[in-house]
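Structure first, then comments.
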């Protein structure tokens, strides 16, 4: 009888340890999934803000890369919107500065050639991807989801 009682105590402790580890792993997995979702939503918002185009907005809204059910919470979506607008502003400012710099040193014909070659215009994907992969966005996302 004592052997059975000892076995049950050890078994119970083992089960509790396993359940605790599973809950910690699930929480970590949920946090990692939320961080990934946070960053993807930022990227899509950044593209949308920068292009400011209904076709782009439609494509993003039908894309299945992330859930569209506001699972991150309203405050996170407000934060993401602010970050995307900030990066979109930087994209616009960079574009204007670059165009001003090029147009001072080139003729209208040269400027048109540069535009057709893609050397003039917004660098939307570059800026949005740079911020998507930045330590700053990682730190913001981790602060939102890791206790």
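Residue numbers (the numbering used here): 6 to 152. A virtual CB, placed ideally from N, CA and C, is assigned to each residue, including glycine.
Burial state of residue i, where buried means 16 or more other Cβ atoms lie within 10 Å
i	result
residue 58	exposed
residue 81	buried
residue 136	buried
residue 101	exposed
residue 56	buried
residue 93	buried
residue 54	buried
residue 96	buried
residue 77	buried
Start and end residues, alpha helix (DSSP H) containing residue i
i	result
residue 145	140-150
residue 62	59-67
residue 132	129-137
Cut-off 8 Å between Cβ atoms - residues of its own chain near residue i, not counting five sequence neighbours on either side
i	result
residue 52	61, 65, 129, 130, 133
residue 49	65, 68, 70, 71
residue 75	82
residue 42	71, 72, 76, 77
Residues near residue i in its chain [Cβ-Cβ closer than 6 Å; skip 5 each side]
i	result
residue 150	36, 39, 40
Spatial neighbours of residue i in its chain, beta-carbon cut-off 7 Å, leaving aside the 5 residues before and after
i	result
residue 44	137, 142, 146
residue 47	85, 88, 89, 137, 142
residue 148	none
Residue i Cβ short of 6 Å to the ligand SAM heavy atom set
i	result
residue 38	Inclusion of the ligand SAM in the displayed structure is not the case, the ligand content being empty and no account of it being possible.
| With contact counted as at least three CB pairs below 8 Å, one residue from each stretch, are the stretch 74-93 and the stretch 142-150 in contact? | yes
| said: For the pair the stretch 63-81 and the stretch 98-107, tell me if three or more CB-CB distances fall below 8 Å. | reply: no
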